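K.L.:
Quick one: the structure is below, and I'll ask about it shortly.
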Amino acid sequence: MKQLKKWRKSLTAKSVKTTDTTRSTCSTSSTCTARTSKPYFSAVNRKPLLKDEPETATEYATVSELVTLYLYARPLNPLKSILIKSIERIEQPVLDARFHAARELLLVDSEPRLLIHDASLNNREKVFNEGFTATEGPYGWGIYFSTENNSKRPSYSTQSGVQTLLVGEVLLGKEKLCDQPDPGLNLSKIQDEGCDSVLANNSLAGFGTCVVYRHEQATPRYLVTFEVTNNDFGRLSDHFYAAVRFLLMAVLSVPFAVFVALKLENVRERILDIFKSELCWLIFIFVLACAAAIGLIFIFLLDWLLSIGWIIQPFLVIVCLVTIPAFWRGIGQ
Numbered sequence: 001m002k003q004l005k006k007w008r009k010s011l012t013a014k015s016v017k018t019t020d021t022t023r024s025t026c027s028t029s030s031t032c033t034a035r036t037s038k039p040y041f042s043a044v045n046r047k048p049l050l051k052d053e054p055e056t057a058t059e060y061a062t063v064s065e066l067v068t069l070y071l072y073a074r075p076l077n078p079l080k081s082i083l084i085k086s087i088e089r090i091e092q093p094v095l096d097a098r099f100h101a102a103r104e105l106l107l108v109d110s111e112p113r114l115l116i117h118d119a120s121l122n123n124r125e126k127v128f129n130e131g132f133t134a135t136e137g138p139y140g141w142g143i144y145f146s147t148e149n150n151s152k153r154p155s156y157s158t159q160s161g162v163q164t165l166l167v168g169e170v171l172l173g174k175e176k177l178c179d180q181p182d183p184g185l186n187l188s189k190i191q192d193e194g195c196d197s198v199l200a201n202n203s204l205a206g207f208g209t210c211v212v213y214r215h216e217q218a219t220p221r222y223l224v225t226f227e228v229t230n231n232d233f234g235r236l237s238d239h240f241y242a243a244v245r246f247l248l249m250a251v252l253s254v255p256f257a258v259f260v261a262l263k264l265e266n267v268r269e270r271i272l273d274i275f276k277s278e279l280c281w282l283i284f285i286f287v288l289a290c291a292a293a294i295g296l297i298f299i300f301l302l303d304w305l306l307s308i309g310w311i312i313q314p315f316l317v318i319v320c321l322v323t324i325p326a327f328w329r330g331i332g333q
């Protein structure tokens, strides 16, 4: 963090110098408006960050952790993993000057925050030169960003190969919390409420969605290149714990399943009678194994169903185990 603050301080000094140069141009030229409204007249500096260099190691780790959390927050095939290949820091003097000047426009001052710009990068060179473009969304026309825990946006990690992701530096100021989408929101409306930006906290719109309505409040800062590779178990440890959780859940479901199956009639005696038979023990183990297999299928092959799998799996176990007494009665007859 100290390294990041030091870098931001040096960047602010560059921005002030650029602003002064722009002002001096205004006094001698009638084309000042065109020059200040088109930032692409300034060259874009793309500096690679190296994780082994002392000067950039902290900055690299911060951005890498942000992107990794973001990508793993969305559905990921367990046979795939993510590798960060490179991180470039983007500096565009005019955009940076505009960004730092925007702090004076905020109703409530705040430190810049790194957020994911969840959009196509087909025109990324234009973004580097001219900044982010407003798009229409569930909270009106604005520039949309995602935090690292936003799992409702389209996933980058479902396709194999090398991909890129853009991280922006954003001035949020005071955030307006929204529980429901509101397409009619704009800068004027949120300012009337004393706010500078919008933070969506809704399961339908996506938790962790931030929206700003001024172009000056955001600037492109990092271009992250990563690769999604196959033939790797990825977050295997998470799936292992999920499998253990399911097996424990299955075992705990046994007494309840048998209790329901026997309809509360002589529960203790009937249970003892059932498990006196070796065949019933074999049937019980077989059904339990089937239930565990179903759980593993949900966990490993249908990772995106894990959110509802926690609810479905106990009922699958109960349904399977209820068949044990019925099968035993059939054998007895």
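So for the sequence shown, the UniProt record's numbering puts the first residue at 1; every next one is plus one. Using N, Cα and C, we set each Cβ at its ideal position, and we do this for glycine too. A quick note: this is a predicted structure, and the numbers were derived from the prediction, not measured.
#1: Buried or exposed for Pro112, going by 16 or more other Cβ atoms inside 10 Å?
#2: Less than 8 Å between the C-beta atoms of Gly168 and Phe226, yes or no?
#3: Hey, is the region 179-186 in contact with the region 47-56, meaning 3+ C-beta pairs nearer than 8 Å?
#4: Among Asn123, Ala218, Ile82, which one has its Cα closest to the Cα of Thr68?
#5: Looking at C-alpha atoms only, which residue of Thr164, Thr147, Gly161, Glu193 is the closest neighbour of Cys210?
#6: What first and last residue would you give for the beta strand (DSSP E) that runs through Arg113?
#7: How is Gln163 classed by DSSP in three states: helix, strand or coil?
#8: Taking the C-alpha atoms as reference points, what is the distance between Glu216 and Val162?
#9: Only counting the same chain, and skipping five residues up and downstream in sequence, which positions put a Cβ closer than 8 Å to that of Leu172?
#10: With DSSP as the reference, label Pro54 as helix, strand or coil.
#11: Output the boundary residues of the alpha helix (DSSP H) element that contains Asn93.
#12: Pick helix, strand or coil for Ala218, following the three-state DSSP scheme.
#13: Phe286 by DSSP, collapsed to three states: which one?
#14: Please classify Asn45: does DSSP put it in a helix, a strand, or coil?
#15: Between the Cα of Pro138 and those of Glu104, Leu115, Asn201, Arg221, spot the shortest distance and give me the residue it belongs to.
#16: What separation, rounded to the nearest whole angstrom, lies between the Cα atoms of Glu88 and Ile190?
#17: Thinking C-beta only, is Leu166 closer than 8 Å to Pro220?
#18: Can you tell which of Tyr72, Val127, Trp141 has the C-alpha that lies nearest to the C-alpha of Asp96?
#19: Could you tell me the boundaries of the beta strand (DSSP E) in which Ser197 lies?
#20: For Cys290, count neighbouring C-beta atoms within 10 Å of its own C-beta (all shown protein chains included) and say buried if the count is 16 or more, exposed if not.
#21: Please report how far the alpha carbon of Leu288 lies from the alpha carbon of Val170, in whole angstroms.
#22: With a Cβ-Cβ cutoff of 8 Å, do Glu59 and Leu66 count as a contact?
#23: Tell me the residue span of the alpha helix (DSSP H) that contains Val108.
#24: According to DSSP, what are the bridge partners of Pro138?
#25: Taking Glu175 as part of the beta strand (DSSP E), name the residues at either end of that continuous run.
#26: If distances are taken between C-alpha atoms only, which option among Glu175, Leu115, Arg214, Cys178 comes closest to Val224?
#27: Below 8 Å on the Cβ atoms is my guess for Ile84 versus Ser64; work out the distance and round it to an integer in Å.
P.N.:
Short version:
#1: buried
#2: no
#3: Segments in contact, no.
#4: Ile82
#5: Thr147
#6: 113-117
#7: Gln163 sits in a strand when the DSSP states are folded into three classes.
#8: 31 Å
#9: Ser110, Arg113, Asp196, Ser197, Leu199, Cys210, Val212, Gln217
#10: coil
#11: Looking at the sequence shown, residue 93 is not Asn but Pro. Run containing Pro93: 93-101, per the alpha helix (DSSP H) assignment.
#12: strand
#13: helix
#14: The answer is strand: DSSP assigns Asn45 an E or B state.
#15: Asn201
#16: 34 Å
#17: yes
#18: Val127
#19: That run of the beta strand (DSSP E) goes 197-200.
#20: exposed
#21: 52 Å
#22: no
#23: Unbroken run through Val108: none, as it is neither H nor E.
#24: Partner(s): Gly140.
#25: 175-178
#26: Taking only the C-alpha atoms, the option nearest Val224 is Leu115.
#27: Indeed, because the Cβ distance is near 5 Å, the residues count as touching under 8 Å.
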